[in-house]
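These notes are about the structure you will find just below.
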Amino acid sequence: MTEVGVETSSADAASQSIRLPADIDPADLAAELAAALPERDGEDYLLYERDGQWVLACGVLALVELDCDELRVVRDGVVQHQSWSGRPGRVLGEAVDRLLLEADHAFGWVAFEFGAYRFGLQERLAPHTPLARVFWPRTRIVVTSDAVDLHGAEDRHRQAVHRLLSDGVPKPPPASPVEVTDDTAGYRGRVAQAIGEIIDGRYHKVILSRCVDVPFELDFPSTYRLGRRHNTPARSFLLRLGGFVPSATARSLLRRYAATAWWSLSRWRARGRWAGDRSTTGRLATTWNRMPKRLWSMLFPFAARCGRLLRSPSPAVRRSPTS
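Heads up, the sequence shown is in the UniProt record's numbering, so the first residue is 1 and it goes up one at a time.
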């Protein structure tokens, strides 16, 4: 899944800016606002970090849903259905263009399956496969290191911001361990197979995932805070849209395998190491720096690092999906 953020130049709804005290971490505040507002109220939302800015987009005024066999536009409880053919980029682009005739901002995600059309593999998609979801939010709260800006906010949004700024952002609850070492699906074998196929030149990149059963309700905002703290990313997100609840941080490490060695580059320290032919390190580093920085949208990208997730303090929070 790849994140989508679209902006236009039309004027925002009435807005308000509140200074952020220096002792409050903007990421923690944004996550707590997600917990205090859309999580508590049952609204769909997106919390998206980029370039030192956290955007909390709450509520849905309109929603574009693109599946492999149908386009739907949902607004005011009315659903418009439309069959489509051709390339999904054109269909989605036209739908978002129509949305932006009224909306100032739109957010959402595009699935990996979207790329099947580029390679002529769309016939392999199961019926009703989701390709993209884009929504027009009712409210935006933008948090930076200096301020909290509210756009289209109601009294409850302003009260939540003032309460957290006055009382302070609470610490996340103690984390609960999650077993991630059991390999019941042959994941390690699939990783080894993928590495072999890359070495043989069959693929340039292989993306693998697995399911991890979590035996308790998840506190997603607090788990997001924990995961981000252990990843120090440039981008991250927390999303609930149409029953889909992922959280992710941009990966800080890439490993690449070649026939005689492996190399890895750390994005954050701009440093490379090569276990083999060191003369190629510069070329590989140059290649990596030109690559688009992708946001790996796996549900628990940090579980393998810290092995811990956070239980939900409320039984009202629904159980998370495991894929």
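Backbone N, C-alpha and C fix where the C-beta goes; we use that ideal spot for every residue, glycine too.
{"Item": "Per-residue DSSP class, three states only, for threonine 223", "Value": "helix"}
{"Item": "Opposing strand residues paired with cysteine 58 [DSSP bridges]", "Value": "Tyr45 and Thr139"}
{"Item": "Best match in Pro88, Gly86 and Leu66 for proximity to glutamine 80 [C-alpha to C-alpha]", "Value": "Leu66"}
{"Item": "Cβ-based neighbour list, leucine 92, same chain, cut-off 6 Å, excluding 5 preceding and 5 following", "Value": "Leu66 and Ala132"}
{"Item": "Contact the segment 123-132 vs the segment 52-61: 3+ CB pairs below 8 Å", "Value": "no"}
{"Item": "Between the CA atoms of leucine 29 and valine 110 - distance to the nearest angstrom", "Value": "27 Å"}
{"Item": "Residues bridged to glutamate 65 [DSSP beta-bridge criterion]", "Value": "Arg72 and Arg133"}
{"Item": "Alanine 62 and leucine 99 closer than 7 Å at C-beta", "Value": "yes"}
{"Item": "Inter-residue Cα distance where the pair is tryptophan 84 and glutamate 94", "Value": "12 Å"}
{"Item": "Contacts around valine 96, its chain only, beta-carbon distance under 7 Å, and the 5 residues preceding and following it disregarded", "Value": "Val6, Val64, Ala106 and Val134"}
{"Item": "Nonlocal neighbours in the same chain, by C-beta distance under 7 Å from leucine 121, ignoring five residues either side", "Value": "none"}
{"Item": "Beta bridge counterpart(s) of arginine 50 as assigned by DSSP", "Value": "Gln53 and Arg235"}
{"Item": "Length of the line joining the Cα atoms of arginine 140 and glutamate 154", "Value": "11 Å"}
{"Item": "Whether proline 137 touches alanine 192 by CB criterion (7 Å)", "Value": "no"}
{"Item": "Secondary structure of aspartate 28, DSSP reduced to three states", "Value": "helix"}
{"Item": "Assigned secondary structure, leucine 150 (DSSP; H/G/I helix, E/B strand, else coil)", "Value": "strand"}
{"Item": "Beta-carbon proximity check, histidine 151 vs serine 15, cutoff 7 Å", "Value": "yes"}
{"Item": "Outcome for valine 78 when other beta-carbon atoms lying within 10 angstroms are tallied against a minimum of 16", "Value": "exposed"}
{"Item": "Bridge-paired residues (DSSP) for leucine 121", "Value": "None; leucine 121 has no bridge partner."}
{"Item": "Cβ distance (whole Å) where leucine 20 is taken to contact alanine 147 below 8 Å", "Value": "5 Å"}
{"Item": "Same chain, Cβ closer than 8 Å to arginine 210, neighbours up to 5 away in sequence not counted", "Value": "Ala185 and Tyr187"}
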